[in-house]
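A quick write-up on the structure given underneath.
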Ligand code: IPM
Ligand code: MG
């Protein structure tokens with residue numbers, strides 16, 4: 117049947133593209149400590165994005181005022197990453213916006229709405245792929261429970277890399293999941309390096325290798341190989357289903373430290389973990405590659421909040437935590453620490469309702485603490 121032939125031709129193109137991607141994966145790492153000028157791009161996104169990202173920008177401008185004055189840090193405001201512009205141009209990330217982003221070293225990005233259905237890819241997924249941001253790093257901490265988790269989510273392949281390129285056939289639809297050796301190695305190494313450099317003693321891999329035998333099977337096997345290079349770090353392995361349950365088990369969950377997993381499982385479990393911490397508005401997220409890095413909230417653009425006229429009450433703490441991760445990434449750990457301490461000791465919290473402070477009032481308080 118003609119459709120079958122078309123599907124096979126499509127599949128062939130996809131595989132050829134993936135082989136080409138394999139060839140581009142090994143790049144030198146940027147060394148921020150030795151750079152004369154660091155350019156930070158800020159792209160506010162849409163929905164509540166401009167409101168919360170604007171507050172994070174105020175904090176960065178405050179903490180970096182000396183460096184901005186001396187020219188060591190340049191802040192570049194990037195426009196055009198809005199849902200209106202993206203729909204008008206029918207591009208997940210408009211070409212000129214991507215060009216501007218590529219002139220920056222790091223990017224602070226507000227949430228961007230993904231249209232349901234249609235063919236438009238999520239801007240996040242496009243940016244992660246175009247900038248090869250392979251490590252999605254999400255910390256979750258609950259000090260009163262002794263929880264200090266760090267999630268290393270593979271960010272460029274797995275279920276996402278061909279997520280908009282599946283095949284529709286009469287009576288069925290097929291999507292693809294891709295796991296490469298190089299892509300798996302670099303994320304697992306990043307997780308072990310983080311553990312080693314931060315005094316962590318255990319790394320846990322999360323897969324569904326009993327079912328996804330080829331892709332997750334590879335992830336699991338490479339994890340074992342790399343673990344052997346870090347003999348001082350203990351390891352364990354869980355399937356994603358039981359891991360979602362373990363995170364709810366208050367007797368065992370504080371024993372986990374560093375997690376590493378394929379893309380979709382990481383997407384799901386980091387929302388769960390953020391909710392355990394106090395809500396998805398409370399967790400920051402870093403997307404790290406060897407050349408570029410992007411920092412963002414883990415939640416979406418909350419269009420309903422804007423529709424209800426509640427945008428000013430959106431919680432900026434997720435994107436502000438992302439800004440702290442950005443500072444750490446560009447080798448400014450003292451500034452990051454200052455901000456994290458302010459976040460921890462802040463006497464007020466945004467509730468998302470008019471009973472609590474606005475995003476701007478909350479940020480005013482943080483600024484006074486720094
Ligand atoms: C996240 C988000 C994204 C994802 C969406 C917005 C595409 O849920 O960053 O976790 O699925 O990765
Ligand atoms: Mg998610």
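Residue numbers (this note's numbering): 117 to 486.
We put the CB at the ideal spot given by N, CA and C, even for glycine.
Presumed contact (8 Å Cβ cut-off) between residue i and residue j, rounded CB distance
i: residue 430; j: residue 167; result: 5 Å
i: residue 138; j: residue 298; result: 6 Å
i: residue 223; j: residue 441; result: Not quite, the Cβ-Cβ distance comes to about 12 Å (not below 8 Å), so this is no contact.
i: residue 194; j: residue 239; result: Wrong, their Cβ atoms sit about 12 Å apart, outside the cutoff.
i: residue 360; j: residue 385; result: 6 Å
i: residue 178; j: residue 364; result: With a Cβ gap of about 38 Å, residue 178 and residue 364 do not count as contacting.
i: residue 489; j: residue 406; result: No statement about residue 489 is possible, as the shown extent of the chain runs from 117 to 486 and does not include it.
i: residue 416; j: residue 227; result: 5 Å
i: residue 273; j: residue 296; result: 6 Å
i: residue 358; j: residue 126; result: The Cβ separation is near 36 Å, so there is no contact.
i: residue 443; j: residue 486; result: 12 Å between Cβ atoms; not a contact.
i: residue 268; j: residue 375; result: 7 Å
i: residue 171; j: residue 476; result: 6 Å
i: residue 488; j: residue 176; result: Here the chain comprises residues numbered 117 to 486, so residue 488 is not present and cannot be evaluated.
Neighbourhood of residue i by C-beta, 6 Å cutoff - its chain only, sequence neighbours within 5 removed
i: residue 94; result: No statement about residue 94 is possible, as the shown extent of the chain runs from 117 to 486 and does not include it.
i: residue 329; result: none
i: residue 270; result: 303, 378, 379
i: residue 356; result: 322, 324, 381
i: residue 93; result: Coverage of the chain is limited to positions 117 through 486, which leaves residue 93 absent and any answer about it impossible.
i: residue 151; result: none
i: residue 354; result: 322
i: residue 288; result: none
7 Å CB neighbourhood of residue i in its chain, flanking five on each side removed
i: residue 422; result: 163, 164
i: residue 464; result: 473, 478, 481
i: residue 237; result: 208, 280
i: residue 368; result: 362
i: residue 196; result: 210, 212, 213
i: residue 183; result: 189
i: residue 286; result: 119
i: residue 398; result: 390, 433, 434
i: residue 419; result: 163, 229
i: residue 388; result: 360, 363
i: residue 235; result: 280
i: residue 458; result: 482, 485, 486
i: residue 242; result: 208, 209
i: residue 121; result: none
i: residue 134; result: 294
i: residue 244; result: 271, 272, 403
Sequence-distant residues of its chain with Cβ nearer than 8 Å to residue i (five each side left out)
i: residue 148; result: 154, 221, 445, 446, 447
i: residue 373; result: 264, 265, 266, 311, 316, 317, 318, 319, 320
i: residue 142; result: 298
i: residue 257; result: 263, 264, 265, 393
i: residue 371; result: 318
i: residue 192; result: 155, 156, 157, 158, 216, 219, 220
i: residue 301; result: 338, 342
i: residue 206; result: 236
i: residue 123; result: 283, 285, 290
i: residue 428; result: 167, 474, 475, 476
Beta carbon proximity, residue i to chain C, threshold 9 Å
i: residue 271; result: Here chain C cannot be found, since the structure has a single protein chain.
- Task: Starting from the N-terminal end, write out each residue whose C-beta falls within a distance shorter than 7 Å of any non-hydrogen atom of the ligand MG.
- Result: 383, 386, 387, 414
- Query: Just checking, does the segment 198-211 make contact with the segment 452-464 on the three C-beta pairs under 8 Å criterion?
  - Reply: no
- For the segment 227-295, list the alpha helix (DSSP H) runs that are entirely contained and at least 4 residues long, ordered along the chain. 239-246
- Segment contact flag, the segment 332-344 with the segment 392-412, C-beta cutoff 8 Å, min 3 pairs: no
- Run through the segment 344-378 for me and flag every whole alpha helix (DSSP H) of 4 or more residues, listed as ranges in chain order. 356-362
- Identify every run of the alpha helix (DSSP H) within the segment 177-204, keeping only runs that are complete inside it and at least 4 residues long; order them along the chain. 181-186
- Query: Would you call the segment 125-134 and the segment 167-183 touching, i.e. three or more CB-CB distances under 8 Å?
  - Reply: no
- Item | the segment 378-390 contacting the segment 341-351, beta-carbon criterion three pairs below 8 Å | no
- Query: Are the segment 426-442 and the segment 286-297 in contact at 8 Å, needing three or more beta carbon pairs?
  - Reply: no
- Do the segment 397-411 and the segment 245-258 make contact, defined as three or more Cβ pairs closer than 8 Å? yes
- Query: Unbroken beta strand (DSSP E) runs of length 3 or more, entirely within the segment 393-441: which are they?
  - Reply: 400-404, 409-413
- Message: Suppose only complete runs of 3+ residues qualify. What are the beta strand (DSSP E) ranges in the segment 118-162, listed by chain order?
- Response: 154-159
- In chain order, each alpha helix (DSSP H) run of at least 4 residues that lies wholly inside the segment 442-468: 449-461
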